[in-house]
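Residue numbers (the working numbering): 660 to 981.
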């Protein structure tokens, strides 16, 4: 009888505990506890053909990124530029399928605290034509330095310590919820227009080139032609190691800063011709140490830089290759 009593007591106790667990679960769900989204939102990337970025640094200004056929164009202040497809695709992939670490707040009143009001945040809109598919607001950034074990510091004083944790606070669309996500998300959005532009000056297959023509002031111009495996100029073989070094350096060149100041003319030109007779041309205007570059591979873009950056790499003398 005592055993029956214990079994009955245990059964009742178990039933009560189970009821408490079930009630607690549903109460927590109603409060939003343990309902963290796996991703903030998901869009099929092929549906996105336009992105509008409102960087905080532009104080209300916007940058439009529009896909035209297979290329991206950057629009700002009524002007259009060639876009960097890699940078823009990376931006889309970074904000799409964004995984929250935790729910920071469910209250709209907390937006100011997390710098997620319209005036304090950076904003990005993902569109299909004129339809806004999703909007992401990017706010406060925080960094927490990881603590290093004092014993490890004494034993390995020059060893790099564990990396800290970078957190960005975001909200999506019209939702009130504020989420913490990993990383410094603002660095990819809070940027000026040049960050999204195509910075390519020249990209060639060095093994496919057949002719390079240098047009310089005075009488220093020359042409080099590939005869089987030997590069020659005026019938004289050039130094193979020096030519190989030159071709390696110019096979992929990128600029860093742009200018809207178009030179009236250019005083240096280099033309590259490949075995399929495709031509690429880079022109330069040189004024002392200041250079402006224009490339047929990136029409409409004028690069402004110092002489030693790309000009000295591209425009070499015949003597440097002998």
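Glycine is no exception: its CB is placed at the ideal position from the N, C-alpha and C atoms.
- [ ] Starting from residue 929, trace the beta strand (DSSP E) both ways and give me its first and last residue.
- [x] 927 to 933
- [ ] Look at residue 870 and residue 882 and say whether their C-beta atoms are less than 8 Å apart.
- [x] yes
Task: For residue 690, the three-state DSSP class (helix, strand or coil) - done: Because residue 690 sits at a pLDDT of 49, beneath the cut-off of 50, its placement in the model cannot be relied upon, and the following sentence gives the value as read from the coordinates. DSSP places residue 690 in helix when its eight states are reduced to three.
- [ ] Spell out the partners DSSP gives residue 919 in its beta bridges.
- [x] None; residue 919 has no bridge partner.
TODO: Return yes when the Cβ of residue 948 is within less than 8 Å of the Cβ of residue 915, no when it is not.
DONE: no
- [ ] Tell me whether residue 880 is buried or exposed, calling it buried when 16 or more other Cβ atoms sit within 10 Å of its Cβ.
- [x] exposed
Open item on the list: Just to confirm my understanding: we take residue 979, look at its own chain, exclude 5 residues before and 5 after, and list those with CB closer than 6 Å. What are they?
Closed with: none
Open item on the list: Does residue 830 pass the burial test, meaning 16 or more other C-beta atoms within 10 Å, or should it be called exposed?
Closed with: buried
Task: Supposed contact pair residue 874 and residue 958 - C-beta distance, whole angstroms, cut 8 Å - done: Not quite, the Cβ-Cβ distance comes to about 19 Å (not below 8 Å), so this is no contact.
Open item on the list: Can you tell me whether residue 703 is buried or exposed? The criterion is at least 16 other CB atoms within 10 Å of its CB, across all chains shown.
Closed with: exposed
Open item on the list: Is residue 969 a contact residue of the ligand COA, with contact defined as CB to any heavy atom under 7 Å?
Closed with: Because no ligand of any kind appears in the structure shown, any question about the ligand COA cannot be addressed here.
- [ ] Out of 772, 843, 835, 833, point me to the one whose CA is closest to residue 823's CA.
- [x] 843
TODO: Determine contact between the segment 758 to 776 and the segment 703 to 713, defined as no fewer than three beta-carbon pairs at a distance below 8 Å.
DONE: no
- [ ] Just the C-alpha distance for residue 764 and residue 699, rounded to the nearest angstrom, thanks.
- [x] 14 Å
- [ ] Have a look at residue 865 and residue 903 and give me their C-alpha separation to the nearest angstrom.
- [x] 9 Å
Task: 8 Å Cβ shell around residue 876 - same chain, five flanking residues per side excluded - done: 926, 927
TODO: Reducing DSSP to helix, strand and coil, say where residue 882 ends up.
DONE: strand
- [ ] Use the C-beta contact count for residue 695: other C-beta atoms within 10 angstroms, 16 or more gives buried, fewer gives exposed.
- [x] exposed
Open item on the list: So, under 8 Å CB-CB, residue 837 and residue 773 are touching, yes? Tell me the CB distance rounded to an integer number of Å.
Closed with: 5 Å
Task: Whole alpha helix (DSSP H) elements within the segment 863 to 915, 4-residue minimum - done: 899 to 909
- [ ] Taking only beta-carbon positions, decide if residue 834 is within less than 8 Å of chain B.
- [x] No chain B appears in this structure, which consists of one protein chain only.
Open item on the list: Here's the rule I'm using: 16 or more other beta-carbon atoms within 10 Å means buried, otherwise exposed. How should residue 954 be labelled?
Closed with: buried
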